[in-house]
Amino acid sequence: MKKYKYSILVSNILDPLTHDTNDLKAVYDRLSSIKEYKSIETRLIRDEDLIDFYNLALGDRQTTYWITGELQRENLNLSSIDNEQRKKAVSKVLNMLKIAKKTHCHYIGIASGKIEKDVSEGLKAFVHSMNEILSEMKMNYNDMKVIVEPLDQFAHKKNVVGTTKTTLQFLEEVDQIHIQEGRLRICWDSAHVALNRDEFEESIKQLAPYIERVHLSNAVLDPNSNLYGDHHLSFCEEGFLNKESAKKIIEIMDKYLDDNITVALEIRVKHRDEAWDMESQARQFLNEVIQ
Ligand SMILES: [Zn+2]
């Protein structure tokens, strides 16, 4: 098996400890001593106090800021078919790039946004938005990349990108210079792929040239269950993700991807006293399925 780099989704697995500056300082301090993590994925760090602290504690790790939640909370959609709304979303992202640069950010993580009318109109708008963002990055933030995470297209979050087919369409339509120069990459998330009813092997095979990150994420796939959808579950009997299914994903990855990929377990913890316990279980899980 290949040696993939471990990543941690701080704002999922340690979520209860990410809402207060002092809590976050303690989080980064502790994470700095866990050498296995080569990559940190979290929300954009805006707090000036945290910027210095983060750079000191974790400056040598690969940093990804997922900005999807922040856009959503402000009702901004990069796939909006209303051009004024779409432009607002783009300028918000350009503003976030400035802040991200302060902590040596390597990746800005983006999801396409909800389908407003139909997928093809939304896709055109998203391609337009991404071309604008990526050109700005080429000019002024050449050390940063964008990582796009396709979400579910019809089950729950109903995003434009989407199924493996829509993702490939997006990658074909966006300005190719950004793909050639490695500025645009894909995060493959098992829950979204499963909810889109795409076959894992076919999906990884087709997206292999673009995948840079893998999220092992659980979901309930029975549409009659009230847990059906993208709920960032922990391990549970009703969900499809367990050591066995995760090992199968890793086997497929071994076949098609190189070992530069970073892998994170995506589970959400609700109570603060469970967070570090879950973090160590998650690391144990990665150790068992990857090695
Ligand atoms: Zn994910």
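In our numbering, the protein residues as written are 863 to 1153. The beta-carbon is built from N, C-alpha and C at its ideal position, and this holds for glycine as well.
Worksheet item: Looking only at its own chain, which residues have a Cβ that is under 7 Å from the Cβ of Leu871, when we skip the five neighbours before and after it?
Response: Glu903, Ala1126 and Glu1128
Item to complete: Could you name the residues of the same chain whose beta carbon sits closer than 7 Å to that of Tyr1003, not counting the 5 residues immediately before and after it, in chain order?
Response: Leu959 and Lys963
Discussion item. Distance check for Ala1017 and Asn1086, CA to CA, integer angstroms please.
Written reply: 12 Å
Worksheet entry | Pair within 8 Å by beta-carbon distance, Glu1159 and Leu906 | Past the boundaries of the shown model lies residue 1159; the chain is included only from 863 to 1153, so the question cannot be answered.
Discussion item. Ligand 1 and His1018: does the residue's C-beta get closer than 7 Å to at least one heavy atom of that ligand?
Written reply: no
Item to complete: Hey, could you find the ends of the beta strand (DSSP E) Ser869 is sitting in?
Response: Lys867 to Leu871
Worksheet item: Counting only runs that start and end within the stretch 1029-1061, where is the alpha helix (DSSP H) found for 4 or more residues in a row?
Response: 1038-1042 and 1052-1057
Worksheet item: Would the beta-carbon of Ser1079 be found less than 7 Å away from any heavy atom of ligand 2?
Response: For ligand 2, the structure offers nothing, since it holds only ligand 1.
Fill in: Nearest-angstrom Cβ-Cβ length linking Asn1058 and Asp1014, presumed shorter than 8 Å
6 Å
Discussion item. One question on the structure: do Tyr890 and Tyr916 come within less than 8 Å of each other, judged by their Cβ atoms?
Written reply: yes
Worksheet item: Using the C-alpha atoms, what's the distance from Gln1038 back to Asn1104?
Response: 37 Å
Discussion item. Please state whether the Cβ-Cβ distance between Leu1069 and Ala1081 is less than 8 Å.
Written reply: no
Practice prompt. Label Met992 either buried or exposed according to how many other C-beta atoms from any shown protein chain fall within 10 Å of its C-beta, with 16 as the threshold for buried.
Written response: buried
Fill in: Per DSSP, the bridge partner or partners of Gly1162
Outside the shown range of the chain, which is 863 to 1153, sits residue 1162, and nothing can be said about it.
Worksheet entry | Residue interval of the alpha helix (DSSP H) (run including Glu1141) | Ala1137 to Ile1152
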